[in-house]
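Novice: Heads up: the sequence shown is residues 1 to 81, going by the UniProt record's numbering.
For reference, the structure I am asking about is given below.
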Amino acid sequence: MTPERSRGGGVEIGEEVEETAKRELWEETGLKANDLELLGVFSGEDRLYTYPNGDEVYTISIVYVCRDFSGDLLSQTNKNL
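Pasting the structure below:
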């Protein structure tokens with residue numbers, strides 16, 4: 001999955017990764033995570049991504065499962081899933 005096709009974002013200065021996951025979930029869906037379970041961390045040479053301007057980076061995906069949440073799901077008319 002490429003960065004533009006996944007949900008998530010960057011870790012802010014001083015922020016823990018789990019806090020980032022909760023913040024990004026809320027920003028992108030309107031849902032508040034009450035509990036997260038780490039599913040896995042995915043990285044490696046196969047995770048090379050080239051931006052349209054030619055810059056290359058290796059991506060890391062830290063994936064959580066959230067079964068306990070609250071809130072109302074936002075309509076996503078301007079973002080691709």
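Each residue gets a CB set at the ideal place from its N, CA and C atoms; glycine is no exception.
(1) Please return the same chain residues whose Cβ sits closer than 6 angstroms to the Cβ of Cys61, not counting the five positions on each side in sequence.
(2) In chain order, what residues of the same chain have a beta carbon less than 8 angstroms from the beta carbon of Met1, not counting five sequence neighbours either side?
(3) In terms of residue numbering, what span does the beta strand (DSSP E) encompassing Arg67 cover?
(4) Would Val11 and Leu39 qualify as a contact pair, given that the criterion is a beta-carbon distance under 8 angstroms?
(5) Which of the three DSSP states is assigned to Met1 in this structure?
Specialist: Short version:
(1) Looking at the sequence shown, residue 61 is not Cys but Ser. Around Ser61: Phe42.
(2) With a pLDDT of 48 at Met1, under the threshold of 50, the modelled position of this residue cannot be trusted; read the value that follows with caution. Closer than 8 angstroms at the Cβ level, and outside the excluded window around Met1, lie Ser61.
(3) Ser61 to Gly71
(4) no
(5) Summary for Met1: the model assigns pLDDT 48, below 50, so the residue's position carries little reliability, and this model does not support an answer.
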